[in-house]
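Everything on this sheet refers to the single structure shown next.
Dropping the structure here:
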């Protein structure tokens, strides 16, 4: 009964199923591992943020370049404040406002973006306090460069002079005449008249939309694997039923074999009736004299 499994058609179906199921399971497992990795990163980031509050600040050079292990660490840097910029459309405690960003020119020659605090309302350079003069030593939390479009960072362009939408070396390189560190610092204690900006977790370390997308993809791949198995069994059952019916002599009827009479087989128009219709012509032919 199952000899049909050896036909070329079923060889193709079986090979496809044997390849599709492991592939779907592999992709689902990979997406699940991505979700679990994000959960682990989220847990590590929280533990790191808690431990960073009690750790002493380390020199900036020891924490560069910024990665998941150094983002959120407390650091210290010394230099002179230079150009000041505003970062609009930043919320704090549910209120709209802006960051006051000042470039700290370090002894190494490169400038470190420092968020000195937050102010409510629309960005206004007249309201932003001037930075301290002379050499200063700042202590704050090290942060990775922002990416426009992520974590609420605006991607808009065409801002007024003296403003930037993102805090990153790529965004600031055309706005300041300094070489820049690919990082920034938010002060532990804001300068007078401003509110300190809390540090944020490193990118890809939170349970954000991407994490739950990975979880959703995991379910989709496992559903695909189950659907392949379901369709294979459905095709197999249909084929077995067809073979069984053929062995019992129960075959699908061809058109015209349904047992119903066609137009030419209506009562009185078939068999002898048909012959009867042609009989007068035959008698007429017989009565015609032969010449």
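Residue numbers (the numbering used here): 4 to 294. From the three backbone atoms N, C-alpha and C, an ideal C-beta is built for every residue, glycine too.
Residue i - DSSP class collapsed to helix/strand/coil
i: residue 15; result: helix
i: residue 261; result: Below a pLDDT of 50, predicted positions are generally treated as unreliable, and residue 261, at 43, falls in that range; no measurement from the model is reported.
i: residue 92; result: strand
i: residue 76; result: coil
i: residue 162; result: coil
i: residue 269; result: Here the model assigns residue 269 a pLDDT of 47, short of 50, so the residue's position is not dependable and the matter cannot be decided.
Among the options, nearest to residue i - alpha-carbon criterion
i: residue 184; options: 21, 170, 139, 71; result: 170
i: residue 176; options: 231, 67, 113; result: 113
i: residue 26; options: 231, 235, 148; result: 231
i: residue 196; options: 248, 174, 132; result: 132
i: residue 98; options: 192, 125, 107, 74; result: 125
i: residue 89; options: 140, 72, 130, 44; result: 130
i: residue 67; options: 181, 147, 193; result: 147
Spatial neighbours of residue i in its chain, beta-carbon cut-off 6 Å, leaving aside the 5 residues before and after
i: residue 105; result: 84, 87, 117, 119, 134
Same chain only: Cβ atoms within 7 Å of residue i, ignoring 5 sequence neighbours per side
i: residue 60; result: 77, 78, 79, 142
i: residue 110; result: 81, 82
i: residue 93; result: 100, 101, 102, 121
Other residues of its chain near residue i: CB distance less than 8 Å, five sequence neighbours each side excluded
i: residue 7; result: 13, 242, 246
i: residue 218; result: 34, 35, 38
i: residue 62; result: 78, 79, 80
i: residue 228; result: 23, 24, 27, 28, 31
Limits of the beta strand (DSSP E) - the one that residue i falls within
i: residue 115; result: 114–123
i: residue 107; result: 98–109
i: residue 66; result: Careful: residue 66 lies outside any beta strand (DSSP E) and carries neither H nor E.
i: residue 146; result: 138–146
i: residue 8; result: Note, residue 8: premise wrong, no beta strand (DSSP E); not H, not E.
Host alpha helix (DSSP H) of residue i (start-end)
i: residue 243; result: 212–250
i: residue 175; result: 172–175
* Touching by the beta-carbon criterion (3+ pairs, under 8 Å), the stretch 28–48 and the stretch 221–229 -> Yes: at least three Cβ pairs fall under 8 Å.
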